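For the protein sequence lines, the chains are X and B, in the order given. Sequential numbering from 0 applies to the first sequence in numbering that gives the first Met the number 0. Sequential numbering from 0 applies to the second sequence in numbering that gives the first Met the number 0. Note that beta-carbon positions come from the ideal geometry of N, C-alpha and C, so glycine has one too. No experiment lies behind these values; they were computed from the predicted model shown. In what follows, a single structure is set out as structure tokens and then discussed.
Number of protein chains: 2
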Amino acid sequence: MELPVFYAPELNDSMTVYTMNEDTSKYCIQVLRHEKGDQVLLADGRGGRYTTVIIDDNRKKCQVQISGKEQLPAPEPALRIAIAFTKNASRIEWFLEKAAEIGVQTIIPLVSHRTEKEKIKAERLQNILVSAMLQSKQCYLPVLEEPQAFSKVVQSFGEEQRFIAHCLPDQKQDLGDVMEAGRNTIILIGPEGDFTPEEVKQAMDAGFKPVSLGKTRLRTETAGMVAVVMMNMKA
Amino acid sequence: MELPVFYAPELNDSMTVYTMNEDTSKYCIQVLRHEKGDQVLLADGRGGRYTTVIIDDNRKKCQVQISGKEQLPAPEPALRIAIAFTKNASRIEWFLEKAAEIGVQTIIPLVSHRTEKEKIKAERLQNILVSAMLQSKQCYLPVLEEPQAFSKVVQSFGEEQRFIAHCLPDQKQDLGDVMEAGRNTIILIGPEGDFTPEEVKQAMDAGFKPVSLGKTRLRTETAGMVAVVMMNMKA
């Protein structure tokens, strides 16, 4: 039987005892019905996985004794995706859940010319990422950055291999054919109305390669997920 | 400007005039505000794409005159997925939408030992597939079959290349490494509690190769979506 894993972002090496926050305590004690003496794992979201035993099964502040720590290596190469958030919140929330499950290190909400959503509900989205990390048995929480302007993103990440996925009828290669294994990678995914021709040119001038994600026309959140799958396959 | 495409399943070569059903008429005339004289495309879901002109912009029974037909070749090789439907309807609906967008020819609701959902809302799911087909500019509607028992599915598809994705700690290869291009393919995706060891053995005895879909533990609907992306990349 696999041990349950809970999220403990404040946990660090100097602690011998840790108190879960109220939501996690409730989930651990009231929902999953753990009790004093049960062994549970804690993940700090930065690769640390701690073995612990419940010493106080309080449903609002469950306390555990830490008995061991394993530090897992960070996923390599680093995979980043900058994606225009959709107007429809549930579509981008699905994307975040799936991207975190499949595996990605950084998600950047991309503010391009046709992006319809520039503000994000950071706390809600953070919770989705934490659930997906725990669900998929990972130890690194993807980093959700602040929304960034297209021109800023295009000028960053100088040492990565860089791609821009778009639907304009230009010549493009499939991401799967052009991506090289073992290199840090960033891909840009546009909004429902696509990037503008000027944006595609700006990215290409900055060294981004235009790529296709398959034969069909994909919605933004689908394109994002397909890109995450392809990057993981090639990485 | 691209012409809008509407679904017309009853359309056939002998017709010169076609009347859209009430939902499609409403969408075409009331929502998209098309009117008499506008050119629109119709897709029959079987590869036929018809060029038409609206001759009666009635919002309940919009009538069009057919002026031409293009028959597009069926996607090859054929990609099939048999997947245990999740208890949570929205998760499997999300999968159907994404699978149809990315491209798959047949979806079989798989009734395995631990499947929690054996009945499906065929009409609702059919509508999701139609929307996704139109949205992604495709002309073939994926076939959603009736739910089928695991043992029956395992005995079918004798000439395909056949895979079963599972989470048991057995030796497995990545689907991307083992799948051969150009061959008809079927993959089985298990329920939340996975296939039983007996089911995995039964499938392997019938010639299914066990495969992995990546490094992380995926939910059923995520595994299904990842499999569809990988099959399309390799096909």
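Query	Result
Residue 98/X vs residue 153/X beta-carbon contact at 7 Å	no
Which of helix, strand or coil DSSP assigns to residue 69/B	strand
Residue 232/X at chain B interface by Cβ criterion, 7 Å	yes
7 Å Cβ cutoff met for residue 15/B and residue 54/B	no
Chain B within 7 Å of residue 137/X, Cβ atoms only	yes
Beta-bridge partners of residue 101/B, as assigned by DSSP	Per DSSP, none; premise fails for residue 101/B.
Backbone secondary structure at residue 173/B - three-state DSSP	strand
Status (buried if at least 16 other CB within 10 Å, exposed otherwise) for residue 31/X	exposed
Members of the stretch 87 to 119 of chain B near chain X, C-beta cut-off 7 Å	93, 97, 100, 101, 102
Contacts of residue 214/X in chain B (Cβ-Cβ under 7 Å)	102
Range of the contiguous alpha helix (DSSP H) that encloses residue 13/B	Unbroken run through residue 13/B: none, as it is neither H nor E.
In chain order, each alpha helix (DSSP H) run of at least 4 residues that lies wholly inside the stretch 14 to 98 of chain B	21 to 24
Rounded Cβ spacing between residue 149/X and residue 109/X (contact assumed at less than 8 Å)	6 Å
Any chain B beta carbon closer than 7 Å to residue 175/X	yes
Chain-order list of residues whose beta-carbon lies under 7 Å from that of residue 198/X (same chain, five-residue window excluded)	111, 112, 149
Closer than 6 Å: residue 187/B CB and nearest the ligand SAM heavy atom	Inclusion of the ligand SAM in the displayed structure is not the case, the ligand content being empty and no account of it being possible.
With 16 other Cβ atoms within 10 Å as the buried cut-off, status of residue 137/X	buried
The stretch 164 to 178 of chain X contacting the stretch 203 to 211 of chain X, beta-carbon criterion three pairs below 8 Å	yes
Same chain, Cβ closer than 6 Å to residue 18/B, neighbours up to 5 away in sequence not counted	60, 62
Proximity of residue 70/X and residue 47/X at Cβ, strictly below 7 Å	yes
Enclosing beta strand (DSSP E) for residue 186/B [first to last residue]	184 to 188
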